[in-house]
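Single-structure report; data block below.
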Amino acid sequence: MGASPAPDLDAQLMLRVRDGDEDSFRVLLDKHRNPLVHFLYRMVQEQPVSEELAQEVFLRIYRSRASYEPTARFTTWMFRIATHLALNWLRDEKNERATERLDEDRGGDLPSRELPDRKPSVEQRMVYQARLQEIRDAISALPDKQRAAVLMHKYQEMEYAQIASALECSESAIKSLLFRAYETLRARLAHMVVRGAQ
Amino acid sequence: MTQVEMKCPLSREDTADVLLDYSARRLDKARAARLERHMESCEACAAFSVQQGALWSALDEWEPEPVSMDFNRRMWQKIDLLAAEPWYRRLADSLRFGAWKPAIPLAAAVLLVATAFVMDHSGTVAQTHDVSITEVDQVEKTLDDVQLLKQFDSTVTETGASKTAM
Chain A
0 MGASPAPDLD
10 AQLMLRVRDG
20 DEDSFRVLLD
30 KHRNPLVHFL
40 YRMVQEQPVS
50 EELAQEVFLR
60 IYRSRASYEP
70 TARFTTWMFR
80 IATHLALNWL
90 RDEKNERATE
100 RLDEDRGGDL
110 PSRELPDRKP
120 SVEQRMVYQA
130 RLQEIRDAIS
140 ALPDKQRAAV
150 LMHKYQEMEY
160 AQIASALECS
170 ESAIKSLLFR
180 AYETLRARLA
190 HMVVRGAQ
Chain B
0 MTQVEMKCPL
10 SREDTADVLL
20 DYSARRLDKA
30 RAARLERHME
40 SCEACAAFSV
50 QQGALWSALD
60 EWEPEPVSMD
70 FNRRMWQKID
80 LLAAEPWYRR
90 LADSLRFGAW
100 KPAIPLAAAV
110 LLVATAFVMD
120 HSGTVAQTHD
130 VSITEVDQVE
140 KTLDDVQLLK
150 QFDSTVTETG
160 ASKTAM
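Chains as they are written, first to last, in numbering that gives the first Met the number 0: chain A, 0 to 197; chain B, 0 to 165.
Take a look at the structure:
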């Protein structure tokens, strides 16, 4: 961290896409598909939704190719779009769930939301799934910006400056935000952290 | 050579990044060594580092699911559909994604110049209007004076002629 920024090859590819080179877009798609879907999956925690959102991110990138200017790193731009889409989806989903709860309270006969079947087959799998669920819950309980920042920092290994640019705030604010987010996670997952530290 | 004492990273929220990077093994050797020397005498930082390291390992357990095999195929289908969209929809999309943003300062400058021109021009018109009214008044007055002089001249000439005749 803190090294001089490498030339952004992705931005060069994107400039070629702007000039009509579809193969360059194919390269960008292949390179960033997995990290993007994984980031979105951890944000929204639903695989089909994360893939749909990732496709929307790529579609927006493709649509705006004609006006593309490499003012920021390509990945920063991509994750900024992804974060906006994920947070919008989460907000809409929260509203939808609130409405469903209201309908249920009123005795509505809507079918209940189907939860993914996470029934384990063996005890070890059960323990693992329980731990995993705790981690997922702890991350999803973080405020939106903290969650996005943690996922970019931990799993995408992005630099502070990049995270700050993607979330449109200062680098210093991101460092404080991450400090508080990890503090919350250490408290929520204290039993794992203490056991792991021993 | 004496080593400069490191300021405790936990003294402020925005300086604790060095501890986060150390726990994530993303710190360069020199900074890591300096932090390790600091942690020998700072229990808070040492405890933070251990707990953050454990949290880091716990978070590693969360593996993402593999991406669908047909992701690219579905993606290109959407791009093909995009190409079939009418021109006004594509224009609206390009405007929606900020293509118009660079034009904002230009538009503001044009508006400013236009406003200044209109204000300046309207002042000139009013001034010109005032000047022309004054000029007309002066011309009328001059004409009246000339007519008065003519009448005076003719009166003087008539009086002179009658005196000569007597």
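Where a beta carbon is used, it is the ideal one built from N, C-alpha and C, also for glycine.
At least 9 Å separates the CB of residue 167 of chain A from every CB of chain B. Among the CB atoms of chain A, none fall inside 9 Å of the CB of residue 116 of chain B. Across the structure, residue 66 of chain B and residue 49 of chain A are spaced so that their CA atoms are roughly 9 Å apart. Residue 183 of chain A sits close to residue 145 of chain A, with the two beta carbons spaced by under 9 Å.
Residue contact check for residue 156 of chain A against chain B: a CB pair falls below 9 Å. Think of a sphere of 7 Å around the beta carbon of residue 56 of chain A: no beta carbon from chain B falls inside it, the nearest being about 10 Å out.
Under the 10 Å beta carbon count, residue 8 of chain B is surrounded by 16 or more other beta carbons and is classified as buried. In this structure, DSSP gives residue 9 of chain A a helical state, which the three-state scheme calls helix. A Cβ-Cβ contact shorter than 9 Å links residue 36 of chain A with residue 70 of chain B. Per the coordinates, the alpha-carbon of residue 186 of chain A lies some 31 Å from the alpha-carbon of residue 74 of chain A. Taking 7 Å as the upper bound on Cβ-Cβ separation, chain B lies near residues 28, 32, 33, 36, 37, 40, 41 of the stretch 9-41 of chain A. One Cα belongs to residue 34 of chain B, the other to residue 5 of chain B, and the distance between them is close to 7 Å.
Of all C-beta pairs linking the stretch 43-56 of chain B to the stretch 17-34 of chain B, three or more are shorter than 8 Å, placing the two stretches in contact.
Close partners of residue 108 of chain B in chain A (Cβ separation under 7 Å) are lacking, with about 20 Å as the shortest Cβ gap.
When DSSP assignments are scanned along the stretch 19-102 of chain B, the uninterrupted stretches of alpha helix (DSSP H) that are 4 or more residues long and fall wholly within it turn out to be 28-40, 42-59, 70-82, 86-95. For residue 61 of chain A, the enclosing alpha helix (DSSP H) covers residues 46-62.
Counting other Cβ atoms within 10 Å of its Cβ, residue 159 of chain A reaches 16 or more and is therefore classed as buried.
Counting the other CB atoms within 10 Å of its CB gives residue 114 of chain B a total below 16, which places it among the exposed residues.
Residues of chain B with a Cβ closer than 7 Å to the Cβ of residue 178 of chain A are, in chain order, 12, 15. Separation of residue 80 of chain A and residue 32 of chain B (C-alpha to C-alpha, rounded to the nearest whole angstrom) is 38 Å. For residue 74 of chain B, a Cβ of chain A is located within less than 9 Å of the residue's own Cβ. Annotation: the continuous alpha helix (DSSP H) that includes residue 183 of chain A extends over 170-187.
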